[in-house]
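Taking it in order: structure first as structure tokens, then the write-up.
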Amino acid sequence: MEDIVTDFLCGFDSFQKDVNPQLLEKLRETQNPKALVIACSDSRVDPAILFSCSPGDIFVIRNVANIVPRYTPGSSIHGVSAAIEYAIVYLNVSHIILLGHSNCGGIASLYTEVKGEFIGPWVNILREVKEDIDVVYADLSEEERRRCCEMEAMRVSYSNLKTFPFIHERLKTGTLSLHTWFFDLRDAKLVHLDMEQELPIDILFDTL
Ligand SMILES: [Zn+2]
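Using my numbering, you'd call the opening residue of the sequence shown number 225 and step up by one each time.
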């Protein structure tokens with residue numbers, strides 16, 4: 225029987241053997257990543273692997289469907305917002321990369337009505353987008369609408385990031401840049417999405 229845990233430990237041995245000792249020395253006391261990456265928890269879209277990063281390169285937040293909630297201080301305990309605050313205010317990263325992907329289980333759960341005690345309320349942040357797409361593209365297949373939703377849902381997180389005053393301020397002064405990228409698992413392409421514009425139909429439906 226495959227022992228995945230043994231594989232992980234072998235993998236760590238390889239990492240320890242190959243890692244640059246000077247880099248580890250530099251990172252021993254502190255980190256100075258230049259970018260915050262917000263990605264899905266999906267096992268196929270690890271940003272450190274996709275972008276060929278070394279330790280210390282990126283500060284990463286991962287959750288179901290790479291969602292950023294609105295800035296809502298004081299209302300509850302916020303893991304995502306705490307990590308965003310740490311990256312921006314204390315680590316002073318100069319880039320935020322919002323990384324979406326195709327065939328996202330989190331987005332699919334909006335269509336399959338997977339509820340879950342926690343998944344349902346979490347992905348509901350995106351429900352309005354899904355419902356709008358269902359109306360506008362009612363003549364398209366569910367698969368096509370879901371792909372469209374995977375991209376358009378990123379607009380919600382993109383807008384929500386700007387509701388954080390410390391992000392809004394840095395975007396205004398040009399000390400922070402916001403990027404929206406979509407990793408397509410079907411052909412391993414990275415698509416750059418301009419969330420300030422309407423997304424072109426050929427990108428939304430991959431008719432390139
Ligand atoms: Zn996903």
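Even glycine gets a Cβ: it sits at the ideal position worked out from N, Cα and C.
Hey, could you find the ends of the alpha helix (DSSP H) residue i is sitting in?
{"i": "N384", "result": "366 to 385"}
{"i": "R286", "result": "Unbroken run through R286 is the beta strand (DSSP E), 282 to 287; no alpha helix (DSSP H)."}
{"i": "G329", "result": "329 to 336"}
Report yes if the C-beta distance between residue i and residue j is below 8 Å; otherwise report no.
{"i": "V347", "j": "A289", "result": "yes"}
{"i": "S401", "j": "H319", "result": "yes"}
{"i": "N327", "j": "L274", "result": "no"}
{"i": "G298", "j": "L251", "result": "no"}
{"i": "R371", "j": "F429", "result": "yes"}
Please classify residue i as buried or exposed, where buried requires at least 16 other C-beta atoms within 10 Å of its C-beta.
{"i": "R268", "result": "exposed"}
{"i": "L414", "result": "exposed"}
{"i": "N384", "result": "buried"}
{"i": "E249", "result": "exposed"}
{"i": "C234", "result": "exposed"}
{"i": "I308", "result": "buried"}
{"i": "L432", "result": "Bear in mind that the predicted position of L432 carries a pLDDT of just 42, short of 50, making it unreliable; the figure below should be weighed with that in mind. By the neighbour-count rule (16 or more Cβ atoms within 10 Å), L432 is not buried but exposed."}
{"i": "F236", "result": "exposed"}
Along the beta strand (DSSP E) that carries residue i, what are the first and last residues, could you check?
{"i": "H392", "result": "No beta strand (DSSP E) holds H392; the alpha helix (DSSP H) holding it covers 389 to 397."}
{"i": "D408", "result": "401 to 408"}
{"i": "I262", "result": "259 to 264"}
Just list the residues that DSSP pairs residue i with in beta bridges.
{"i": "K413", "result": "D408"}
{"i": "I321", "result": "V261, H403"}
With a threshold of 8 Å between beta-carbons, can residue i be considered close to chain B, or not?
{"i": "L247", "result": "Among the chains of the structure shown, chain B does not appear; only one protein chain is present."}
Sufficient close CB pairs (3 or more, under 8 Å) joining the segment 288 to 303 to the segment 366 to 385: Three or more beta-carbon pairs drawn from the segment 288 to 303 and the segment 366 to 385 are found closer than 8 Å, and the two stretches are therefore classed as touching.
Segment contact, 8 Å Cβ cut-off, at least three pairs: the segment 296 to 312 with the segment 387 to 395: At 8 Å Cβ cutoff, the stretches touch.
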